[in-house]
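A quick write-up on the structure given underneath.
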Amino acid sequence: MYQLLFFVMVVLPFSPEAGKIKWGREVTPHSQPYMAFVKFYDLQLAKKRCGAFLVQDNIVIMTAAHCNGSKINVTLGAHDIKQKENTQQVIPVVKAIPHQNYNIKTKVNNIMLMKLKYKAQLNAYVNTIALPNSQDWVIPGQVCSVAGWGKLSNGQLAETLQEVNLKVQNEQKCRNIFPNYNKSIQLCVGNPKDKKATDSGDSRGLFVCNNVSQGIVSYKCHSGKLPQVFTRISSFMLWIKKTIKQLKHL
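Here the sequence shown is numbered in our numbering, starting from 39 and rising by one per residue.
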């Protein structure tokens, strides 16, 4: 049987380089076993990388939709992506399904599910993270973590998994910057006073609140200043469940 990878993605007009982790810290190795590293080729046949995560029954992983491309390979159980760690499982993707209403212009519904060629083996280094209920609502003031293999403060791409804590903001702070911001399907994240950011190398880190996957790094303004926009996972749960069933029968 094939395995499913669940990806959520947002492509933005403001900065095509959204997603990297800046001013974060290296996590304890394998403390986030749901994280996945994705490599693929875009339409111009350029090599690209994204972050993703395993979310259900060693079947589904989530990341940003613009991570769609050709020759997609997923590495699970990784901490240092430059090393061939014996904890790693590298599995090709055989099917990707972006949201049918994804809009490349407005960046709404930027989510995608992917199916692995074979199942991952769950263990201490590879495991799932919980999905939210459709009624879950992340509120302003909550502090959650974003992880990924992103750009460091020195401008170099991280080789080891990095993490940064960011606070959920009032929707008005994003409306003032992003005209297409929609609180029903997106999250406004990051205190403008903090010198923290996510950037594209991570790419598309997982936003975790109380051990539940709540968002995906989506887009930011060119300056890289906070706040930034994240995809609200709970708003897509009906689509997620339907698409998982579809992929299981392929």
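For each residue, glycine too, the CB sits at the ideal point set by N, CA and C.
This structure is a prediction, so every number in the text was calculated from the model and none was measured.
{"query": "Among A116, D232, I167 and A84, which has the Cα closest to the Cα of V206?", "result": "D232"}
{"query": "By the 10 Å Cβ neighbour count, where 16 or more other Cβ atoms means buried, how is Q127 classified, buried or exposed?", "result": "buried"}
{"query": "May I ask which residues mark the beginning and end of the alpha helix (DSSP H) holding T281?", "result": "M275 to K286"}
{"query": "Can you tell me which of the three DSSP states E209 falls into?", "result": "helix"}
{"query": "Could you tell me how far apart the beta carbons of I271 and Q252 are, in whole angstroms, since I believe they sit closer than 8 Å?", "result": "6 Å"}
{"query": "For L114, I'd like the list of residues in its chain whose CB is within less than 6 Å of its CB, leaving aside the five on either flank, ordered along the chain.", "result": "A74, Q127, A158 and V164"}
{"query": "Closer than 8 Å is the cut-off here; do at least three beta carbon pairs connect the segment 70–87 with the segment 97–109?", "result": "yes"}
{"query": "For the 8 Å Cβ check, are there 3 or more pairs between the segment 132–150 and the segment 170–180?", "result": "no"}
{"query": "Taking the alpha carbon of M100 as the point to measure from, which residue in H137, K143, E64 and T66 has its own alpha carbon closest?", "result": "H137"}
{"query": "If you draw a straight line from the C-alpha of V203 to the C-alpha of R63, how long is it?", "result": "The sequence shown places Asn at residue 203, rather than the Val named in the question. Between N203 and R63, the C-alpha separation is close to 10 Å."}
{"query": "Just confirm the distance between the C-beta atoms of V227 and Q266, as a whole number of angstroms; I'd bet it's less than 8 Å.", "result": "6 Å"}
{"query": "Check whether the segment 210–217 and the segment 184–196 are in contact - that is, three or more C-beta pairs closer than 8 Å.", "result": "no"}
{"query": "DSSP has E123 in a bridge; who is on the other side?", "result": "According to DSSP, E123 bridges with nothing at all."}
{"query": "Can you tell me the Cα-Cα spacing of M152 and A90, whole angstroms?", "result": "10 Å"}
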